[in-house]
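As they're listed, the protein sequences go chains A and B.
Read in order, the letters of the first sequence correspond to residues 37 to 412 in my numbering.
Read in order, the letters of the second sequence correspond to residues 8 to 574 in my numbering.
Here is the structure we will look at.
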Amino acid sequence: MSRLGNLGSRLHHGEIGYDFIKNRRIWYGVSILITIVAVLGLAVRGLNMGIEFQGGAVFTTPKHMSTSVAQAESYAHDASGNEAIVQKLGDGSLRIQIAGIETGKSDQIKETLAKDLKVDPEHINADLVGPSWGEQIANKAWQGLAIFMVLVVIYLAIAFEWRMALAALVALVHDLTITTGVYALVGFEVTPGTVIGLLTILGYSLYDTVVVFDSLKEQTKDITRQTRWTYSEVANRSINGTLIRSINTTVVALLPVAGLLFIGGGVLGAGMLNDISLSLFVGLAAGAYSSIFIATPLVADLKEREPQMKALKKRVLARRAQGAAQGESLEAEPAGVTAGDEPESEGAAPATAAAVGPHNQSVSRGRGRGRPPGKR
Amino acid sequence: MTVKNGRSASAQGKPGRSLALILIAVVALIGSMFVSGNTSPRLGIDLAGGTSITLRAVPERGQESAINKANMDTAVSIMERRVNGLGVSEAEVQTQGNDNIIVNIPKGTNSKQAREQVGTTAKLYFRPVLATDVTGAAPANPSPSASHEVTDRSTGTATPSGPPTPSAAETQQGRAVTDALKTDATPSPSPSSGSGDASSKLQAQYASLDCGKQSVRATAGKGVLPTEATVACGRNAQGQWQKYLLGPAVVDGTDVDKAQAVFDAQGASGWIVQLDFTSQGGKKFADITGKLAQKQAPQNQFAIVLDGDVVSDPYVRSAITGGNAEISGSFDQQSAQSLANMLSYGSLPLTFKEDSVTTVTAALGGEQLQAGLIAGAIGLALVVIYLVVYYRGLAAIAVASLMVSAMLTYALMSLLGPAIGFALNLPAVCGAIVAIGITADSFIVFFERMRDEIREGRSLRPAVARGWPRARRTVLVSDFVSFLAAAVLFVVTVGKVQGFAFTLGLTTLLDVVVIFLFTMPLMTILARRKFFAGGHGWSGLDPKRLGAKPPLRRTRRPSAPVETKEA
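Next up, the structure:
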């Protein structure tokens with residue numbers, strides 16, 4: 037833990053912190069940019085749909101084939117009359133993809149291939165897909181996505197409030213767009229496995245967001261009864277407070293997926309494991325990013341529009357102005373004040389009214405602490 | 008408990024009891040795993056090897072409503088019958104989603120033949136019986152061949168009076184009539200058009216037919232044109248195999264409009280099968296029954312032939328002209344329903360399309376299983392290492408909890424195999440691996456909460472007491488979202504996606520169980536140990552390392568929104 041633990045402690049005490057809310061416009065910009073790139077990628081390059089979406093067959097031979105790829109391609113072409121794509125996998129087996137053949141003819145093709153390749157047809161793995169199968173999976177996925185989104189928005193609106201539900205939804209759509217965009221741009225093949233991975237991101241992306249929101253809700257419970265901080269500031273504290281957990285969660289979630297990716301990609305060559313873990317990997321990373329940089333700042337933005345919160349902000353600013361006038365420094369504030377409490381973090385706010393200290397280390401920190409931060 | 012905290016008192020009050028509860032649950036599940044002999048999860052086709060066929064029902068134009076549960080179930084039972092008729096052991100046929108049927112055929116069986124079987128549409132014909140005989144020996148004790156009678160439902164009254172007994176006598180007579188075919192008598196709708204040659208050939212075939220042999224049954228009467236006479240096998244009410252010599256088809260499956268099994272309370276004939284014909288079918292049926300009624304047994308019988316097997320052979324005593332018939336006699340609920348199912352199948356306005364066929368050799372299946380397990384092991388090891396580095400002593404609790412969770416998952420998967428037909432496939436393995444992250448995250452939430460409390464200057468026991476209720480809420484809320492995703496996926500999707508969703512949902516549920524009944528009580532108990540309570544350097548709870556504040560001196564602001572932090 038040492039370093040990271042220390043970081044956790046300093047984040048906790050607000051000794052350090054990043055002002056997510058204040059800089060939110062930058063991150064919105066970054067996200068919008070990424071989203072535009074993703075959408076452009078989708079529009080221009082399109083997704084590289086796997087054989088499951090076109091209909092056709094994938095045959096996988098036993099390991100250690102001596103036949104060359106070109107030879108296998110010509111065999112497959114002869115057997116099926118269609119173009120074939122042949123890959124040699126890590127273990128020396130051949131993966132032969134033939135698009136556009138009917139499931140009914142596949143047995144014959146398989147037998148011809150087996151004869152040409154001199155292997156027992158019983159030892160050839162076959163994956164035959166009708167032309168509408170992938171579409172069907174995709175349709176059901178869309179359907180599932182829609183149902184899930186409706187349910188989750190209702191749930192979040194009840195458990196939290198509609199603003200959070202909306203922000204979570206935006207973050208979710210953001211993650212999905214980025215993930216599909218990456219697929220379009222890099223040209224990874226989209227298979228049912230990819231769809232599964234993508235659907236898992238649904239749960240995971242929200243899972244992360246919900247944990248941050250839960251803390252936000254708790255910390256802003258009695259916010260109108262004080263005049264020390266605005267909603268945005270508390271929101272910022274709450275992100276910083278859960279930052280360590282978010283990092284830990286993402287790392288812990290990514291580690292097994294990385295294991296899958298390594299085994300699926302490195303050892304098995306291609307296949308379901310690889311497809312699922314690849315889209316998960318991309319999506320999880322996007323999910324962690326969006327719950328911190330997008331979802332919570334969005335909630336803060338929406339919240340600050342509430343009359344109550346506007347009034348609170350006014351009160352906070354007034355109090356700070358008064359404090360400054362009386363020459364009372366921030367030092368007087370009791371422990372627990374974040375570094376983030378200094379500037380009026382509203383980028384849209386007319387003025388940064390309050391007197392502010394340096395960003396990283398609140399002045400009150402050094403006093404009365406048992407030991408200086410950073411020392412073990 | 009030194010801490011009197013109302014909210015957490017119940018949760019923390021009896022940690023020993025919760026621990027005992029979950030340990031009993033683990034032992035009970037593992038025990039029943041061994042007792043029932045299901046010591047490992049059933050493997051899906053992609054891990055065990057075999058062929059998996061996904062069929063999609065395509066309704067006829069204008070009959071979109073035909074895709075409903077009743078019709079799909081009928082189709083499943085027919086397909087099951089056909090696949091298992093091949094002698095395929097343990098082939099399973101099940102519906103999935105609204106319009107899919109999955110046929111899983113384990114390795115080592117002729118998947119090609121099986122595919123042909125499920126792929127083709129079932130052929131149901133009504134053929135007049137020319138001759139019939141119980142297979143094998145025992146001519147001394149011939150059983151009544153036709154224990155069922157078909158009667159006109161619309162005229163009603165005629166029905167119940169005729170008990171099936173006369174047929175026994177008639178059959179005996181009937182056997183004598185068998186020869187009639189050779190000499191004079193082509194029964195009216197008959198194969199007479201065929202030359203005498205073909206007829207005698209068929210006779211010879213009939214004479215040598217031994218329906219007692221499975222291999223014979225698998226070929227007898229298969230692939231015959233409906234316009235030709237044929238031989239076929241069927242099982243009579245006594246469960247004996249019986250052979251038949253049948254005339255050309257006179258009514259076919261599509262002529263049946265509807266068939267259902269009903270219990271005839273008034274007529275005292277017990278379970279019966281009601282049969283409604285289409286108008287065209289009704290005419291054909293009236294025609295044939297009119298002719299059959301004048302004949303002697305067994306030629307007053309007609310055989311209902313499904314895919315070359317005789318599934319029923321009722322006799323007729325009068326012409327049935329109304330287009331509505333009922334078949335009665337010695338049915339029980341099951342046999343009546345099964346017959347009704349078969350009769351309806353022919354009229355199902357559905358065809359089935361092969362959407363995907365996956366054949367996995369046992370070698371590849373084993374490899375994929377191994378790869379999945381290795382990936383899981385690597386993932387788990389990485390998570391454990393990360394936890395140990397970051398949480399030190401606390402990691403022991405997390406790892407123990409993960410182990411409990413893993414044991415529960417494994418035991419439940421093994422037990423659910425036979426119970427609900429759960430089979431572990433590759434996506435399910437994937438789901439389980441991904442779930443390691445979700446499960447571990449709950450512990451992280453809890454630990455971070457606790458550590459935050461320690462940072463506030465509390466000692467461990469109050470920190471646990473205060474941290475738990477907050478962590479609990481977070482865990483519940485976030486697990487709910489995760490479970491919701493899994494549940495929606497499970498309901499909406501098919502095939503591989505469903506396997507994935509199932510594992511994810513199961514592990515999410517178990518995560519909640521484990522953190523409530525295991526992690527939290529264990530933490531409470533360990534919080535009393537000096538190693539943790541004293542904040543040993545390796546405990547992961549060292550206040551100094553956590554940068555705890557000195558004990559609280561000031562009175563804290565009452566309304567401070569930031570008094571505590573989320574973990």
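Quick reminder that beta carbons are idealized off the backbone N, C-alpha and C, glycines included.
In this structure, E67/B sits away from G166/A, with a CB-CB distance that is not shorter than 8 Å. Across the segment 355-378 of chain B, CB contacts with chain A closer than 8 Å involve K360, E361, D362, S363, V364, T365, T366, V367, T368, A370, L371, E374, Q375, A378, in sequence order along the chain.
V521/B has no beta-bridge partner at all, per DSSP.
In the DSSP annotation of this structure, the continuous segment of the alpha helix (DSSP H) that includes Y219/A starts and ends at 198-222. Counting the other Cβ atoms within 10 Å of the Cβ of T234/B gives fewer than 16, which makes it exposed.
Here the segment 238-252 of chain B makes contact with the segment 314-321 of chain B; the two share three or more CB pairs at distances below 8 Å. V189/A and L238/A have their C-alpha atoms spaced approximately 12 Å apart. For I440/B against G386/B, the beta-carbon gap comes to about 5 Å, under 8 Å, which counts as contact. In summary, the residues of the segment 446-457 of chain B whose CB is separated from some CB of chain A by less than 8 Å are A447, D448, I451, V452, E455, in the order they occur in the chain. The beta carbons of T515/B and D486/B sit closer together than 8 Å.
Per the DSSP secondary-structure output, Q249/B pairs in a beta bridge with V141/B, G241/B. Per DSSP, the continuous alpha helix (DSSP H) segment holding T236/A begins and ends at 228-255. Exclusion of the five residues before and after H113/A leaves E119, A120 as the residues of its chain whose Cβ lies within less than 7 Å of its Cβ. Chain B has a Cβ within less than 8 Å of the Cβ of H159/A.
For D283/B, the enclosing beta strand (DSSP E) begins and ends at 277-284. The beta carbon of N118/A does not come within 8 Å of any beta carbon belonging to chain B, so the residue lies off that interface.
Within chain B, the C-beta atoms nearer than 8 Å to that of Q179/A come from V499, in chain order. Counting the other CB atoms within 10 Å of its CB gives G82/A a total below 16, which places it among the exposed residues. Fewer than three Cβ pairs drawn from the segment 382-398 of chain B and the segment 461-471 of chain B lie within less than 8 Å of each other, which leaves the two stretches out of contact.
A Cβ of chain A is located within less than 8 Å of the beta carbon of C437/B.
Shown here, R134/B sits in a strand according to DSSP, grouped into three states. Taking 8 Å as the cut-off, the beta carbon of V122/A is found closer than this to the beta carbon of A108/A. Non-local C-beta neighbours of T213/A in its own chain, meaning closer than 6 Å and more than five positions away in sequence, comprise T71, A74, ordered along the chain. DSSP, reduced to helix, strand and coil, places I312/A within a helical segment of the structure shown. Only R273, S274, G277, T278, I280, R281, N284, T285, V287, V288, A289, L290, L291, P292, V293, A294, G295, L296, F298, I299, G300, V303, L304 from the segment 273-304 of chain A bring a Cβ to less than 8 Å from some Cβ of chain B.
At a cut-off of 8 Å between C-beta atoms, S276/B does not count as an interface residue with respect to chain A. Beyond the five residues adjoining it in sequence on each side, F224/A comes within less than 7 Å, by CB distance, of N84, L314 in the same chain, given in chain order.
Here the alpha carbon of A174/A sits roughly 11 Å from the alpha carbon of V226/A. Within 9 Å of the CB of G51/B, no CB atom of chain A is found; the nearest one sits about 11 Å away.
In this structure, DSSP gives M85/A an extended state, which the three-state scheme calls strand.
In the DSSP annotation of this structure, the continuous segment of the beta strand (DSSP E) that includes T158/B starts and ends at 156-159.
Sequence-ordered contacts of the segment 241-257 of chain A with chain B read L242, Y243, D244, T245, V246, V247, V248, F249, D250, S251, L252, E254, Q255, T256, K257 [C-beta pairs closer than 9 Å]. Here L234/A really is in contact with G319/A; their C-beta atoms are around 7 Å apart, less than 8 Å. Straight across, the Cα-Cα distance linking V270/A with L252/A is about 8 Å.
Contact annotation for L238/A against chain B: A492 [CB-CB distance below 7 Å, chain order]. For G379/B, the closest of I160/A, L297/A, I259/A by C-alpha to C-alpha distance is L297/A.
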